[in-house]
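Residue numbers (full-length UniProt numbering): 1 to 99. Glycine included, C-beta positions come from ideal geometry on N, C-alpha and C. This report concerns only the one structure given below.
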(Lines of atoms letter the chains of each structure in order from A; the text may use other names.)
(Lines give C-alpha, C1' and ligand atoms only; values in the text may rest on other atoms or scores of the structure.)
Protein backbone atom coordinates (compact mmCIF):
# COMPACT_ATOMS: atom_id res chain seq x y z
CA UNK A 1 0.00 0.00 0.00
CA UNK A 2 2.90 2.36 0.69
CA UNK A 3 4.16 1.85 -2.86
CA UNK A 4 0.67 2.61 -4.20
CA UNK A 5 0.59 5.84 -2.19
CA UNK A 6 3.91 6.84 -3.72
CA UNK A 7 2.56 6.13 -7.22
CA UNK A 8 -0.54 8.29 -6.89
CA UNK A 9 0.78 11.11 -4.72
CA UNK A 10 2.30 13.12 -7.58
CA UNK A 11 1.42 16.46 -9.16
CA UNK A 12 0.59 15.05 -12.59
CA UNK A 13 -2.53 12.96 -13.21
CA UNK A 14 -2.16 9.20 -12.84
CA UNK A 15 -4.45 6.96 -14.89
CA UNK A 16 -4.64 3.44 -13.47
CA UNK A 17 -6.08 0.47 -15.33
CA UNK A 18 -7.08 -2.24 -12.87
CA UNK A 19 -7.39 -5.36 -15.01
CA UNK A 20 -7.35 -9.16 -14.87
CA UNK A 21 -5.84 -11.39 -17.52
CA UNK A 22 -7.66 -14.69 -17.38
CA UNK A 23 -5.30 -16.75 -19.56
CA UNK A 24 -1.68 -16.53 -20.68
CA UNK A 25 -2.58 -16.51 -24.39
CA UNK A 26 -5.16 -13.75 -24.14
CA UNK A 27 -3.89 -10.18 -24.52
CA UNK A 28 -5.24 -7.78 -21.96
CA UNK A 29 -7.94 -5.93 -23.96
CA UNK A 30 -7.06 -2.39 -22.89
CA UNK A 31 -3.39 -2.74 -23.86
CA UNK A 32 -3.78 -1.07 -27.28
CA UNK A 33 -6.02 1.65 -25.82
CA UNK A 34 -3.44 2.51 -23.15
CA UNK A 35 -0.63 2.65 -25.71
CA UNK A 36 -2.63 5.33 -27.55
CA UNK A 37 -3.23 7.22 -24.28
CA UNK A 38 0.48 7.15 -23.40
CA UNK A 39 1.42 8.30 -26.91
CA UNK A 40 -1.03 11.22 -26.74
CA UNK A 41 -0.21 12.39 -23.21
CA UNK A 42 3.55 11.83 -23.09
CA UNK A 43 5.04 13.02 -19.81
CA UNK A 44 1.97 15.10 -18.87
CA UNK A 45 0.50 12.07 -17.08
CA UNK A 46 1.41 8.63 -15.79
CA UNK A 47 -0.39 5.51 -16.98
CA UNK A 48 -0.18 2.42 -14.80
CA UNK A 49 -1.65 -1.07 -15.22
CA UNK A 50 -2.35 -3.10 -12.09
CA UNK A 51 -3.31 -6.77 -12.30
CA UNK A 52 -6.06 -7.29 -9.73
CA UNK A 53 -5.24 -11.01 -9.47
CA UNK A 54 -1.66 -10.25 -8.43
CA UNK A 55 -2.68 -7.32 -6.21
CA UNK A 56 -5.78 -8.65 -4.48
CA UNK A 57 -5.24 -6.72 -1.24
CA UNK A 58 -5.08 -3.39 -3.09
CA UNK A 59 -8.03 -4.30 -5.34
CA UNK A 60 -10.12 -5.24 -2.30
CA UNK A 61 -9.10 -2.10 -0.40
CA UNK A 62 -10.22 0.04 -3.35
CA UNK A 63 -13.33 -2.12 -3.90
CA UNK A 64 -12.40 -2.87 -7.52
CA UNK A 65 -15.11 -5.23 -8.76
CA UNK A 66 -15.31 -4.63 -12.52
CA UNK A 67 -12.73 -5.58 -15.12
CA UNK A 68 -11.35 -3.24 -16.26
CA UNK A 69 -11.71 -0.40 -13.78
CA UNK A 70 -10.07 2.91 -14.65
CA UNK A 71 -9.17 5.48 -11.98
CA UNK A 72 -7.57 8.91 -12.25
CA UNK A 73 -5.63 10.29 -9.27
CA UNK A 74 -3.91 13.63 -8.83
CA UNK A 75 -1.94 14.60 -5.72
CA UNK A 76 -3.14 11.38 -4.08
CA UNK A 77 -6.82 12.24 -4.54
CA UNK A 78 -9.17 10.16 -6.68
CA UNK A 79 -10.64 12.44 -9.36
CA UNK A 80 -12.55 9.96 -11.55
CA UNK A 81 -13.42 6.25 -11.59
CA UNK A 82 -15.29 4.06 -14.06
CA UNK A 83 -15.61 0.32 -14.61
CA UNK A 84 -15.92 -1.12 -18.11
CA UNK A 85 -14.23 -0.65 -21.45
CA UNK A 86 -13.25 2.90 -22.42
CA UNK A 87 -11.88 4.15 -25.71
CA UNK A 88 -8.57 6.01 -25.95
CA UNK A 89 -10.11 9.38 -26.86
CA UNK A 90 -12.38 9.32 -23.81
CA UNK A 91 -9.50 8.49 -21.48
CA UNK A 92 -7.24 11.14 -23.05
CA UNK A 93 -9.95 13.80 -22.66
CA UNK A 94 -10.60 12.81 -19.05
CA UNK A 95 -6.92 12.85 -18.06
CA UNK A 96 -6.32 16.19 -19.83
CA UNK A 97 -8.85 17.81 -17.50
CA UNK A 98 -6.37 17.32 -14.65
CA UNK A 99 -3.12 18.26 -16.43
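Here residue 87 carries a coil assignment [DSSP, helix/strand/coil]. The Cβ neighbour count for residue 99, taken over all protein chains shown within 10 Å, is under 16; the residue is labelled exposed. Residue 10 is a Cβ neighbour of residue 46, given a cutoff of 8 Å.
Here residue 15 carries a strand assignment [DSSP, helix/strand/coil]. Counting the other Cβ atoms within 10 Å of the Cβ of residue 32 gives fewer than 16, which makes it exposed. For residue 51, no alpha helix (DSSP H) encloses it; the enclosing beta strand (DSSP E) starts and ends at 46 to 51. For residue 82, the three-state secondary structure derived from DSSP is strand.
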